[in-house]
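Enquirer:
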Amino acid sequence: MVFRTTIQVETHGEGEIVNLTPRVEQAITASGVQEGIASIFIVGSTAAITTIEYEPGVLSDLRRALSVIAPDDIPYAHDAAWGDGNGRSHVKAAVVGPSVSIPVIEGRLACGTWQQIVLLELDVRSNRRRTIHVTVLG
Amino acid sequence: MVFRTTIQVETHGEGEIVNLTPRVEQAITASGVQEGIASIFIVGSTAAITTIEYEPGVLSDLRRALSVIAPDDIPYAHDAAWGDGNGRSHVKAAVVGPSVSIPVIEGRLACGTWQQIVLLELDVRSNRRRTIHVTVLG
Amino acid sequence: MVFRTTIQVETHGEGEIVNLTPRVEQAITASGVQEGIASIFIVGSTAAITTIEYEPGVLSDLRRALSVIAPDDIPYAHDAAWGDGNGRSHVKAAVVGPSVSIPVIEGRLACGTWQQIVLLELDVRSNRRRTIHVTVLG
Numbered sequence: 362m363v364f365r366t367t368i369q370v371e372t373h374g375e376g377e378i379v380n381l382t383p384r385v386e387q388a389i390t391a392s393g394v395q396e397g398i399a400s401i402f403i404v405g406s407t408a409a410i411t412t413i414e415y416e417p418g419v420l421s422d423l424r425r426a427l428s429v430i431a432p433d434d435i436p437y438a439h440d441a442a443w444g445d446g447n448g449r450s451h452v453k454a455a456v457v458g459p460s461v462s463i464p465v466i467e468g469r470l471a472c473g474t475w476q477q478i479v480l481l482e483l484d485v486r487s488n489r490r491r492t493i494h495v496t497v498l499g
Numbered sequence: 362m363v364f365r366t367t368i369q370v371e372t373h374g375e376g377e378i379v380n381l382t383p384r385v386e387q388a389i390t391a392s393g394v395q396e397g398i399a400s401i402f403i404v405g406s407t408a409a410i411t412t413i414e415y416e417p418g419v420l421s422d423l424r425r426a427l428s429v430i431a432p433d434d435i436p437y438a439h440d441a442a443w444g445d446g447n448g449r450s451h452v453k454a455a456v457v458g459p460s461v462s463i464p465v466i467e468g469r470l471a472c473g474t475w476q477q478i479v480l481l482e483l484d485v486r487s488n489r490r491r492t493i494h495v496t497v498l499g
Numbered sequence: 362m363v364f365r366t367t368i369q370v371e372t373h374g375e376g377e378i379v380n381l382t383p384r385v386e387q388a389i390t391a392s393g394v395q396e397g398i399a400s401i402f403i404v405g406s407t408a409a410i411t412t413i414e415y416e417p418g419v420l421s422d423l424r425r426a427l428s429v430i431a432p433d434d435i436p437y438a439h440d441a442a443w444g445d446g447n448g449r450s451h452v453k454a455a456v457v458g459p460s461v462s463i464p465v466i467e468g469r470l471a472c473g474t475w476q477q478i479v480l481l482e483l484d485v486r487s488n489r490r491r492t493i494h495v496t497v498l499g
């Protein structure tokens, strides 16, 4: 069986990290699936999905780490060509990736206690509406 | 239902990035699946799969970013042991990862307009035949 | 059909890398699935799953590469807040990711010959019991 929910999230700027876990749990409950997989996918190329402990300190540590590979203050070929200033956003998103797959066990997400599913807003625009698809297979 | 297509791609050197999206779309159409998941997986440990805007500037930005963690000009223990000179290729591939999972909605890939599925050729050999499996579950 | 096996692995310290491939192969055989997907997921936010050649040289190269984005010798906001000294572990785990999905073809994992499924132990504690779920869909 295949069940899909589409989540809309408003983000407010570069570096915002949104905890998607409660809404993914709701999707699983709505699906009725007891055993299977939840696949979480972000539409767009300047945001990413991963898991992390949703704690302000470690989220800022993650932002710093991503800026090592894609610093704010270097030139980007993407920006030279398109002038939208988000070359670094694309690079970080491609490295982290757009999707994670998480087991559903007895109708619940199998994440650890300190392991949340997060959306990384990496774009430089201030207000974006993000679309995340949660597909439950079971 | 499970449907699989295997794609063969010729690559021509380190840093080549191939847009797989049209061939993944074809696989989905061939599968007949309307709602489900497409899982894209690269066989081998010196290439990777992710999503990015398929635009030359940002692809070169991504190459530069990956060289921060795995530069060309440092010694690699892998190369010391095996002499094949692709230690950096393995490292980049392991960090980016071999697979993405993307929803299929109304018979179409749910990627964004500027979000393509790409193969990153990271190996140092000039001509490689790469095998990518596209599995559609629905 | 959905089949799940839960693997327990003991790890012995930061930087240990465990080859999960034989146990994932066993899970696939136990499932009886001939064609489908195996999804491998690590519970917890200080370890990660990826694929790499399981060869000591390249494993040490990977450790070095991850320390570029999350060095041992810088302050972490996570550590300042919680004092557990594993800020770098969380950061590396979030970048590599908790899951991979690999095709099952004719009852076998579709990995390359030199492509193993690995658990990266990134935490600083010496002895941990790790839980990995292998879900086979087919």
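Residue numbers (our numbering), protein chains in the order written: chain X, 362 to 499; chain D, 362 to 499; chain B, 362 to 499. Glycine included, each C-beta is placed from N, C-alpha and C at the ideal position.
Determine whether the beta carbon atoms of X:V457 and X:A399 lie at a separation below 7 Å.
Expert: no
Enquirer: In this structure, how does DSSP classify X:T552 when only helix, strand and coil are distinguished?
Expert: Residue 552 of chain X falls outside the range modelled here, since chain X spans only 362 to 499, and no answer is possible.
Enquirer: Can you name the start and end residues of the alpha helix (DSSP H) that B:S450 belongs to?
Expert: 448 to 457
Enquirer: If you draw a straight line from the alpha carbon of D:T496 to that of B:N488, how long is it in whole angstroms?
Expert: Looking at the backbone, the Cα of D:T496 and that of B:N488 are separated by about 37 Å.
Enquirer: What are the start and end residues of the beta strand (DSSP E) that includes D:G397?
Expert: 396 to 403
Enquirer: Please name the residue or residues paired with B:N380 in a DSSP beta bridge.
Expert: B:V479
Enquirer: Might you give, ordered along the chain, the residues of its own chain that have their beta carbon closer than 8 Å to the beta carbon of B:D440, omitting 5 neighbours on each side?
Expert: G446, N447, G448
Enquirer: Can you list the residues of chain B that D:G405 reaches, using a CB-CB cut of under 7 Å?
Expert: G473, Q476
Enquirer: Against chain D, does B:I401 count as a neighbour if the rule is that its beta carbon must be under 7 Å from one of theirs?
Expert: No, B:I401 does not count as interfacial toward chain D.
Enquirer: So which residues on chain X does B:L498 lean against when the C-beta distance must stay under 7 Å?
Expert: I398, L498
Enquirer: Which chain B residues are close to D:S462, counting only those with a beta carbon under 8 Å from its beta carbon?
Expert: S462
Enquirer: On the criterion of 16 or more Cβ atoms from any shown chain inside 10 Å, does D:I389 qualify as buried, or is it exposed?
Expert: So D:I389 counts as buried.
Enquirer: In three-state terms, what does DSSP make of B:T366?
Expert: Here B:T366 sits in strand by DSSP.
Enquirer: When the Cα atoms are used, what is the spatial distance from X:C472 to B:S460?
Expert: 11 Å
Enquirer: Shorter than 7 Å from the beta carbon of X:G448 to some beta carbon of chain D?
Expert: yes
Enquirer: Give me whichever residues DSSP pairs with B:I463 in a beta bridge.
Expert: B:A399
Enquirer: From X:H451 to D:S428, what distance separates their C-alpha atoms?
Expert: 16 Å
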